[in-house]
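Worksheet for the structure shown next.
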Amino acid sequence: SFPVVRDMDTQMYERQHGNDMEVGSYQHRPILWDVEDIPSIDEAPLSPTQPPLTDDAFEQSMENALEIVPELLDDPEAGVRHEIDGLLSVTPDGAPLLGPLQDVEGLWSAAAVWIKEAPAIGEALAQWMTRGWSDIDLHSSNVNRFKEWGTSREFVKDRAHEGYRKIYGIVHPREQWQSSRPLRTSAFYHRQDDLDARFFQAGGWERPQWYDSNEDLVRRYNEELDGLLRANEWDSRWWSPVILGEHLHMRDKVAMVGDMGFAIFDLLGPGATEYAEKMAVGRMDVDVGKSVYTPVLAPNGGFVSDLSIVRMGENHYRVITGGSVQGPDKAHFRSHLPEDGSVQLVDRSSQLCTLGVWGPDARDVVDPVTEEDMSHEAFAPYTAQHVTIGEVDAWALRISYVGEQGWEIYAPMDQAERLWDTIYEAGQDHDIRPVGMGVYGTTGRMEKGYRLYGHELELEYTPAEAGLTFHGVKDADFVGKEAYAAGIDEENAATLCTLSVDDHRSEDGDRRFMLGNEPILDDGEVLVDDEGRRSYVTSAGTGPTVGKHLLMAYLPREYAEEGRSLQVEYMGEQYPVTVEVAGSRPLFDPENERIRS
Numbered sequence: 017s018f019p020v021v022r023d024m025d026t027q028m029y030e031r032q033h034g035n036d037m038e039v040g041s042y043q044h045r046p047i048l049w050d051v052e053d054i055p056s057i058d059e060a061p062l063s064p065t066q067p068p069l070t071d072d073a074f075e076q077s078m079e080n081a082l083e084i085v086p087e088l089l090d091d092p093e094a095g096v097r098h099e100i101d102g103l104l105s106v107t108p109d110g111a112p113l114l115g116p117l118q119d120v121e122g123l124w125s126a127a128a129v130w131i132k133e134a135p136a137i138g139e140a141l142a143q144w145m146t147r148g149w150s151d152i153d154l155h156s157s158n159v160n161r162f163k164e165w166g167t168s169r170e171f172v173k174d175r176a177h178e179g180y181r182k183i184y185g186i187v188h189p190r191e192q193w194q195s196s197r198p199l200r201t202s203a204f205y206h207r208q209d210d211l212d213a214r215f216f217q218a219g220g221w222e223r224p225q226w227y228d229s230n231e232d233l234v235r236r237y238n239e240e241l242d243g244l245l246r247a248n249e250w251d252s253r254w255w256s257p258v259i260l261g262e263h264l265h266m267r268d269k270v271a272m273v274g275d276m277g278f279a280i281f282d283l284l285g286p287g288a289t290e291y292a293e294k295m296a297v298g299r300m301d302v303d304v305g306k307s308v309y310t311p312v313l314a315p316n317g318g319f320v321s322d323l324s325i326v327r328m329g330e331n332h333y334r335v336i337t338g339g340s341v342q343g344p345d346k347a348h349f350r351s352h353l354p355e356d357g358s359v360q361l362v363d364r365s366s367q368l369c370t371l372g373v374w375g376p377d378a379r380d381v382v383d384p385v386t387e388e389d390m391s392h393e394a395f396a397p398y399t400a401q402h403v404t405i406g407e408v409d410a411w412a413l414r415i416s417y418v419g420e421q422g423w424e425i426y427a428p429m430d431q432a433e434r435l436w437d438t439i440y441e442a443g444q445d446h447d448i449r450p451v452g453m454g455v456y457g458t459t460g461r462m463e464k465g466y467r468l469y470g471h472e473l474e475l476e477y478t479p480a481e482a483g484l485t486f487h488g489v490k491d492a493d494f495v496g497k498e499a500y501a502a503g504i505d506e507e508n509a510a511t512l513c514t515l516s517v518d519d520h521r522s523e524d525g526d527r528r529f530m531l532g533n534e535p536i537l538d539d540g541e542v543l544v545d546d547e548g549r550r551s552y553v554t555s556a557g558t559g560p561t562v563g564k565h566l567l568m569a570y571l572p573r574e575y576a577e578e579g580r581s582l583q584v585e586y587m588g589e590q591y592p593v594t595v596e597v598a599g600s601r602p603l604f605d606p607e608n609e610r611i612r613s
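If you read the sequence shown in the working numbering, its first letter stands for residue 17, the second for the next number, and so on.
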């Protein structure tokens, strides 16, 4: 038999198909088909997904194929059996569309699945349908992920056109899509653009990753950043040292982050408390104004989401979750709503803006322009209050994903610019700076050891393994309770750890910085736990305050020891790493004194 040959330079493949040689190419221009133009089975010569070949699109490909296997393809006795355009289902992000649709009860999707993935996906979907979860995590392919923003025909076509080029291309882990942007912008967008924000997209939202206007911070913190700057082009692509400067400025003074693009759902009705208890691991029957960070689980005890729920009133709760999981989380919550109508779910994601203000000087900025008392005694951590900031009627939540004193401030979208201006002007005496998601979502988060859904938290790991069992086991029943309780009592196969890179030098002398998804090794062998799960980097990012490049990874229990020396493999080379933290203790400010200040 003839081996499968892939020529990545020409974006082609050659493989045996029965007694034939099949030549396929991805190097041609994208040829888009509307669904209405696909012929019926009766009309199609071969198959509806195999229309006649577009000759001019294959001319160069045939020349390349003749160079690779001339003995076979240039044989005068060899004829052509079929010449076709093979249709592909290409989604806006290149991943399949899997799972139950939130708007049609009982309708499941298994679309845009490649043949090489089909057996595993078929099994996983069957598990999901019959028992409520699958053995492998499918969150990145959830059919509802575009529901709220990315289903228009024009958007899908633009992204499919761009995405086709990526199929055989070399795609950077942080690479951003360019088409159909901007699509979703917060009311802060123009203020951020005026400050030279570099926007990345998540859940359709344009969110600053860093601000070029903060380049002076790199010079200010030059000594602190020594050894943390990335000279290698690949490592520094879609990244800026400004992120590190913004981080250190936030730790020293005060920063504002807006908008995080949260998805916000209100749960209303006489059954709200019972329903919230059912959905969340954390106890929901708390005082009005109390915020509870909580995992949301599948029946097997794996993560469906992690989010905050705030009790707004006796029969009113507010769910705050990541904008990129707005569709999947909304679908999950809706699928569990009581049939008696005692709870209503209202999506407020597009009605409210969010402005984060954090740092040692956060209170000194916010308090003078707020009518209410913002002191530590009057406004405790992990609580929320209605406040008036300048002329803006807002709602403030004292919480931090970066480990600093401060608040998330929520306000109506039509008052967002006024809120921004009020805080920005009030902070000038404190050198307030807007900072990007590079700080909020990576550097600040990782120094605190905070977990991120889709990275550390997924269906294949449990709260016990992730170090998130601080809630204990509440009396009220909830989805996944039995498995959750068992995980607390049993010895776990793996523990989520924070590691640091000891030596960044590659064989050629370059300093290299891991980006994520790299394997963790011991003596050159990939670590595998008792459940058969391989250890890999779930998140990677520099911790400027601790002066180290940090990695998070699940390690088998016998390796989850602080001080343990291991290796990480990056670009074919191995680099020494040390386990800094085994479990959930923060590397920076482990007693959380800053948050409570």
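Each residue gets a CB set at the ideal place from its N, CA and C atoms; glycine is no exception.
Here the structure is a predicted model, which is why all the values come from computation and not from measurement.
- Task: Check whether the Cβ of residue 465 sits closer than 6 Å to any heavy atom of the ligand ATP, and report yes or no.
- Result: With respect to small molecules bound, the structure shown includes none, and the ligand ATP cannot be examined in it.
- Task: Report, in whole angstroms, the separation of the C-beta atoms of residue 436 and residue 339, which I expect to be a contact under 8 Å.
- Result: 18 Å between Cβ atoms; not a contact.
- In angstroms, rounded to a whole number, what distance separates the CA positions of residue 464 and residue 599? 12 Å
- Item | Coarse secondary structure for residue 136, derived from DSSP in three states | helix
- Message: Here's the rule I'm using: 16 or more other beta-carbon atoms within 10 Å means buried, otherwise exposed. How should residue 81 be labelled?
- Response: buried
- Query: To which residues does DSSP link residue 281 through a beta bridge?
  - Reply: 335 and 363
- Taking the alpha-carbon positions, what's the residue 302 to residue 131 distance? Using only the alpha carbons, I get a separation of about 49 Å.
- Item | Candidates 428, 588, 374 and 555: closest to residue 470 by CA position | 555
- Burial state of residue 658, where buried means 16 or more other Cβ atoms lie within 10 Å: Past the edges of the chain, shown from 17 to 613, lies residue 658, and the structure says nothing about it.
- Query: Out of curiosity, what's the CA-to-CA distance linking residue 190 and residue 532?
  - Reply: 10 Å
- Message: For residue 181, list the residues DSSP reports as bridge partners.
- Response: Its beta-bridge partners do not exist; DSSP assigns none.
- Any chance you could list the beta strand (DSSP E) runs of at least 3 consecutive residues sitting entirely within the region 260-313, in chain order? With a minimum length of 3 residues, the continuous beta strand (DSSP E) runs that stay inside the region 260-313 are 271-274, 279-284 and 307-313.
- Message: Are the CB atoms of residue 156 and residue 112 within a distance shorter than 7 Å?
- Response: Against a cut-off of 7 Å, the Cβ pair of residue 156 and residue 112 comes out as no contact.
- C-beta atoms of residue 448 and residue 480 nearer than 7 Å: no
- Item | Nearest candidate by alpha-carbon position, reference residue 456, set 70, 114, 153 and 278 | Here the closest residue by C-alpha is 278.
- What is the rounded straight-line gap between the Cα of residue 293 and the Cα of residue 178? 43 Å
- Identify whether residue 439 lies in helix, strand or coil by the three-state DSSP scheme. helix
- Message: Report the start-end ranges of each beta strand (DSSP E) in the region 197-225 that is 3 residues or longer and not cut off at the edges.
- Response: 213-218
- Query: Between which two residues does the beta strand (DSSP E) harbouring residue 373 extend?
  - Reply: 368-374
- Helix or strand or just coil, what does DSSP make of residue 113? strand
- Message: Between which residues of its own chain and residue 586 is the CB-CB distance below 7 Å, once the five residues before and five after are set aside?
- Response: Same-chain partners within the cutoff: 528, 530 and 534.
- Query: From this set, 553, 306 and 540, which residue's C-alpha is nearest residue 517's C-alpha?
  - Reply: For the set 553, 306 and 540, the Cα lying nearest the Cα of residue 517 is the one of 553.
- Assign residue 423 to one of two classes, buried (16 or more other C-beta atoms within 10 Å of its C-beta) or exposed (fewer than that). buried
- Item | Residue environment, residue 324, which counts as buried when at least 16 other CB atoms sit within 10 Å | buried
- Item | Selection from 119, 115 and 166 that minimises the alpha carbon distance to residue 148 | 115
- Taking buried to mean at least 16 other C-beta atoms within 10 Å of its own C-beta, is residue 565 buried or exposed? buried
- Query: By the 10 Å Cβ neighbour count, where 16 or more other Cβ atoms means buried, how is residue 54 classified, buried or exposed?
  - Reply: exposed
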